[in-house]
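Trainee:
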Amino acid sequence: MRIVSGIAKGRKILSPLAQDVRPTKDRVREAIFNSLKSFELIDGRHFVDLFAGSGALGIEALSRGAERVTFVDHQKACIDIIRTNVENLGFGELAEVRHADYLQELQNVSKGDVVLLDPPYDFGDWELLLGSIKSETVVIESNQEIVLSGEWKQIKSKRYGSTFVVIAVQVELEDL
Numbered sequence: 001m002r003i004v005s006g007i008a009k010g011r012k013i014l015s016p017l018a019q020d021v022r023p024t025k026d027r028v029r030e031a032i033f034n035s036l037k038s039f040e041l042i043d044g045r046h047f048v049d050l051f052a053g054s055g056a057l058g059i060e061a062l063s064r065g066a067e068r069v070t071f072v073d074h075q076k077a078c079i080d081i082i083r084t085n086v087e088n089l090g091f092g093e094l095a096e097v098r099h100a101d102y103l104q105e106l107q108n109v110s111k112g113d114v115v116l117l118d119p120p121y122d123f124g125d126w127e128l129l130l131g132s133i134k135s136e137t138v139v140i141e142s143n144q145e146i147v148l149s150g151e152w153k154q155i156k157s158k159r160y161g162s163t164f165v166v167i168a169v170q171v172e173l174e175d176l
């Protein structure tokens, strides 16, 4: 697996051997980050890569100009691979790698963060997850279409084979 674009373009990254880790395909990562760039949602931003796996999404963000990335995964093998990847690519100073549960980590997410959500395909707690996010922007990757609640507005949605990608922003309710 390689970084698609930016300062680390073409550099290889390692992937964990865990059965439930499926790194985002290159063309899907490219499409996600081209869309984020068109919405001016990369440069100078803090990203939170939940369910980080290999860290491919967060590393792509760093390669393209993100200010910093917090990587979160509950599997020790994934955490070790992410640490190796960010160090090998020279992003160690810009990365924070946390061995934690996603719900626990959401307490640390800020409004301006971009949250990358790529959970295992059998994930079923979308309503709880999306309802717990304080960030303005989420990127969702799933093997199923995700129905967003009224607090989220889809700004981009695309299917890549069996992968669905949604970029959404949180709708702020007007004061009554």
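When we follow the working numbering, the leftmost residue of the sequence shown carries the number 1, and every step to the right adds one. Glycine residues also receive a C-beta, built at the ideal position from the N, C-alpha and C atoms. Predicted model, so just to flag it, every value in this text is computed and none were measured.
#1: Would the stretch 79-89 count as touching the stretch 108-123 if we require 3 or more Cβ pairs under 8 Å?
#2: Please report the straight-line C-alpha distance between VAL147 and TYR160, rounded to a whole angstrom.
#3: Please identify the residue among LEU62, LYS37 and GLY150 whose C-alpha is closest to the C-alpha of ARG11.
#4: Would DSSP call ALA66 helix, strand or coil?
#5: Helix, strand or coil for SER212? Go by DSSP, reduced to three states.
#6: Compare the Cα-Cα distances from TYR121 to each of SER38, GLY44 and PHE51 and report the closest residue.
#7: May I ask you to report which of helix, strand or coil DSSP gives PHE123?
#8: Beta strand (DSSP E) containing GLU96: first to last residue?
#9: Take the Cβ of ASP101 as the centre, count every other Cβ of all protein chains shown within 10 Å, and call the residue buried at 16 or more, exposed below.
#10: Skipping 5 residues on each side, what residues in its chain have a beta carbon closer than 6 Å to that of GLY6?
Mentor: Taking the definition as stated:
#1: no
#2: 17 Å
#3: LEU62
#4: coil
#5: One cannot answer for residue 212 here, as it falls past the ends of the chain, which runs 1 to 176.
#6: PHE51
#7: Secondary structure of PHE123 (DSSP, three-state): coil.
#8: Unbroken beta strand (DSSP E) run through GLU96: 95-99.
#9: exposed
#10: Closer than 6 Å at the Cβ level, and outside the excluded window around GLY6, lie SER63 and ARG64.
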